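Everything below concerns the one structure shown next.
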Amino acid sequence: MDFYSAFLVIIVFLIGLSFGSFLNVVVYRLPKKSSLVTPPSSCPACENRLGFIELIPLLGYLILKGRCKHCAMKISLRYPLVELTTGLLFVLIYTYFGLTIDTLFYLTLLFLLLAIALIDLEHRIVPNTMVAVGLGLGFIFYIPALADLWLNLPAWMVVKRNVIDAAGGFLLGGAIMLIILLVSRGGMGAGDMKLMALIGLYVGLRGAALVMLLGFFLGAVVGVTFMVLGKLTRKDALPFAPYLSLAALIEVLWGEQIWNWYLNLLN
Ligand SMILES: [Zn+2]
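Count the sequence shown with our numbering and you get residues 458 to 724, in order.
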């Protein structure tokens, strides 16, 4: 890797870290319905405002050795971990799709899914706001792709996805989850249905099918493991968004390969 490429990767990582820092704020404040911008962040224990160093993603945590500078309360390891995860996600998607609109497109989806998964884990809800933002941004990304069917737009504006296929993914994702919702009678929330429609919009028909299969598989493996360990009874509600989100990441990165592998099995 030459110097310029390495430099770009570092920049992308730093942007990812900042988005991770913002993600912590979103996950902490959105379920409480408090504003995302005011008041400035403060220590949950002593309520002192966070200083400049504390606001630096990842590094702030390391410099302060994981404790609040005022009251020495332990800062949850979750904050730097979420920042690091977001940073790595940005690098992963950038390395895969390069300096293209596709990187922006998939990062939009996966960043929102990470937020939704974390909120679902903690509060057992899929926030409507996040789904709405995801759908809105998705539609905006598809406007040039739709216009490109008639006009010849410059390639950098156009997401490499088929608009009809996206609409199909949106409908299939929502419809199948609606059927499961009705059949399971409360085993699955309406939030999961909206979430799957959102994922379908970004990954299309085939992607939506793979994400659902993979999501149920991952959820079943983890659910059965916890049941065997006795940490879970059949009646506990499980957050499903983390599995769908992880499945969506796998689809974005390896969906094509998985599909080809499956077709080869059939032959
Ligand atoms: Zn404090």
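Note that the Cβ used here is the ideal one computed from N, Cα and C, for glycine as well. Predicted, not measured: the structure shown is a model, and the values here were computed from it.
Rounded separation between residue i and residue j - CA only
i	j	result
Pro514	Val482	12 angstroms
Ile707	Ile520	34 angstroms
Phe470	Phe627	31 angstroms
Val615	Ile656	19 angstroms
Leu667	Gly508	45 angstroms
Asn724	Ile467	43 angstroms
Asn717	Leu670	16 angstroms
Identity of the residues DSSP links to residue i by a beta bridge
i	result
Lys531	Arg524
Arg506	Ser499
Exposure label - residue i; buried when at least 16 CB within 10 Å
i	result
Met428	The structure shown does not extend to residue 428, since the chain spans only 458 to 724, so no value can be given for it.
Lys688	exposed
Asp577	buried
Ile532	buried
Leu720	exposed
Val674	Note on residue identity: the sequence assigns Phe, not Val, to residue 674. By the neighbour-count rule (16 or more Cβ atoms within 10 Å), Phe674 is not buried but exposed.
Asp459	exposed
Arg506	exposed
Pro496	exposed
Ala463	exposed
Pro611	exposed
Ala698	buried
Tyr563	buried
Pro696	buried
Contact check, residue i vs residue j, beta carbons under 8 angstroms
i	j	result
Met653	Leu701	yes
Leu480	Ala589	no
Leu487	Thr586	yes
Ile550	Thr560	yes
Ala632	Leu638	no
Gly544	Gly477	yes
Ala602	Arg618	yes
Ile472	Phe547	yes
Tyr536	Tyr518	yes
Val709	Lys651	no
Leu516	Ala705	no
Trp511	Lys522	According to the sequence displayed, residue 511 carries Glu and not Trp. The answer is no: Cβ separation not under 8 angstroms.
### Message
For the segment 653 to 663 against the segment 621 to 629, do three or more pairs of beta-carbon atoms, one drawn from each stretch, fall closer than 8 angstroms, so that the two count as touching?
### Response
Counting Cβ pairs under 8 angstroms, three or more are found: they touch.
### Message
Across the segment 536 to 549 and the segment 592 to 610, are there enough close Cβ pairs to call them in contact, namely three or more that are closer than 8 angstroms?
### Response
no
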